[in-house]
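Worksheet: the structure to be examined is printed underneath.
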């Protein structure tokens with residue numbers, strides 16, 4: 001059945017609208033990194049240091065998004081930056097980034113299932129975690145297997161809940177800061193005393209650099225926009241809108257939320273026991289605060305799992321079309337969904353989940369190291385692909401005016417993006433606790449390059465890569 005569908009030309013359906021792309025990009029960025037990790041960032045980097053770290057990471061995200069926007073409008077394929085890298089950098093790099101990105105997201109998806117199950121025990125303590133994990137596996141598989149439109153709608157509402165929660169938090173927080181809502185302890189309005197009271201950088205400027213990788217990791221996921229370009233009904237319209245809207249709104253949401261958190265919660269207490277968002281709601285005596293935030297964080301986790309399963313499946317499917325993954329994974333269902341690629345991705349996610357219990361100090365550590373580095377490596381590849389694409393376009397006699405969407409300030413933006421992303425690896429090398437992730441991450445990258453040249457090179461050479469340089 002699947003083979004007959006392939007012969008009949010079943011293709012990925014362009015069912016995603018502008019609102020889906022916008023919320024997909026927004027949802028990929030706003031997750032547990034903000035709801036849970038922001039407290040640790042404030043505690044380690046200090047209040048002003050945390051704000052500065054998020055501003056720098058937001059700038060880096062902007063550089064990546066405009067580069068990806070140009071490539072995705074010019075070449076709107078489901079393989080996204082993997083296909084762009086293959087075309088404009090080389091098939092070896094395309095092979096490497098595809099497998100690194102796929103493994104990273106598949107590993108992350110596996111962890112989300114356990115995290116979601118653990119959150120459910122707050123309300124249903126007598127039901128084992130694995131029951132809930134299995135339930136969420138079925139839900140996310142169903143959303144991704146039904147149709148692209150079903151995935152888009154689910155992610156739209158998942159992201160909508162997160163955005164609404166942040167907006168409510170910012171509004172309540174601002175009232176608390178300036179005395180509009182009193183603290184339950186009876187203490188006076190904090191104003192800006194916690195934000196700038198002790199010192200701009202209480203743990204030193206080096207602490208800001210130390211948390212930079214964590215903050216950048218929180219912004220990674222925005223590149224899913226490019227993966228969805230192949231299933232967008234009007235990519236030349238939807239992609240530029242998503243780039244403009246997502247970057248500035250994410251910056252507003254993140255930076256304002258961090259400013260509010262830093263102003264209300266003393267940096268010494270942030271992130272030590274629970275989500276700083278829950279801390280704020282507890283400080284103002286809002287009833288059921290923990291339950292409300294538990295629900296929001298659950299939504300964030302499901303959103304990440306939903307987006308990650310979608311992105312990794314499409315990357316795997318795209319690689320199978322170009323000889324970089326088994327050809328059998330290129331078949332589509334009658335609804336235009338790559339079910340085989342989806343099933344393999346989900347199986348790997350569950351296997352990676354098992355390694356967290358049976359090989360936590362070996363295989364699981366390697367998987368997590370690769371996952372931690374993959375986002376930054378992906379951003380470097382996106383910027384380099386855009387740089388080489390534009391150079392080839394201009395060399396062939398094209399002009400910037402010919403492009404439906406163009407990244408400004410070429411070549412400064414892609415080169416600045418590559419330099420800033422590369423500098424993050426320096427911070428990893430300096431920090432002895434994070435240095436092993438550098439070894440394992442680059443080690444896996446080297447293995448991918450070796451596998452391409454030793455195993456896949458001849459097979460890939462027989463497959464024509466779609467697209468053109470302009």
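Residue numbers (the UniProt record's numbering): 1 to 470. Idealized CB from N, CA, C, for every residue including glycine.
Enclosing alpha helix (DSSP H) for residue i [first to last residue]
i	result
residue 431	Unbroken run through residue 431: none, as it is neither H nor E.
residue 453	Segment: none, residue 453 is in no alpha helix (DSSP H) and carries neither H nor E.
residue 291	289-321
residue 44	37-45
residue 282	276-283
residue 200	From DSSP, residue 200 is part of no alpha helix (DSSP H); its letter is neither H nor E.
Cα-Cα separation between residue i and residue j, rounded to whole angstroms
i	j	result
residue 350	residue 107	8 Å
residue 366	residue 432	16 Å
residue 239	residue 215	25 Å
residue 248	residue 358	42 Å
residue 211	residue 434	11 Å
residue 49	residue 326	47 Å
residue 330	residue 303	25 Å
residue 468	residue 75	Bear in mind that a pLDDT of 41 at residue 468, under 50, signals an unreliable position, so the number given afterwards is only what the model happens to contain. Answer to the nearest angstrom: the Cα atoms are 8 Å apart.
residue 223	residue 420	17 Å
residue 184	residue 280	11 Å
residue 405	residue 394	15 Å
residue 455	residue 375	25 Å
residue 426	residue 306	32 Å
residue 401	residue 40	45 Å
residue 447	residue 77	26 Å
residue 373	residue 441	6 Å
residue 195	residue 61	25 Å
residue 128	residue 116	12 Å
Counted within 10 angstroms of its Cβ, other Cβ atoms place residue i as buried (16 or more) or exposed
i	result
residue 277	buried
residue 192	exposed
residue 220	buried
residue 95	buried
residue 287	exposed
residue 82	buried
residue 315	buried
residue 105	buried
residue 453	exposed
residue 227	buried
residue 88	buried
residue 268	exposed
residue 90	exposed
residue 204	exposed
residue 436	exposed
residue 320	buried
Counterpart residues of residue i in DSSP-defined beta bridges
i	result
residue 214	None, per the DSSP bridge assignment.
Q: Kindly confirm or deny that the segment 253-267 and the segment 337-344 touch, where touching means at least three C-beta pairs closer than 8 Å.
A: Using a Cβ-Cβ distance cut-off of 8 Å, the segment 253-267 and the segment 337-344 are not in contact, since fewer than three pairs of beta carbons, one from each stretch, lie closer than that value.
Q. When the Cβ atoms of the segment 59-79 are set against those of the segment 411-420, are three or more pairs found closer than 8 Å?
A. As far as the Cβ criterion goes, the segment 59-79 touches the segment 411-420, which means the pair count is three or higher.
Q) Is the segment 126-137 in contact with the segment 150-165, if contact means three or more CB pairs nearer than 8 Å? A) The answer is no - the segment 150-165 does not touch the segment 126-137, with fewer than three Cβ pairs under 8 Å.
Q.
Does the structure place the segment 112-127 close enough to the segment 383-401 that three or more beta carbon pairs sit under 8 Å?
A. Cβ pair count under 8 Å is below three, so no.
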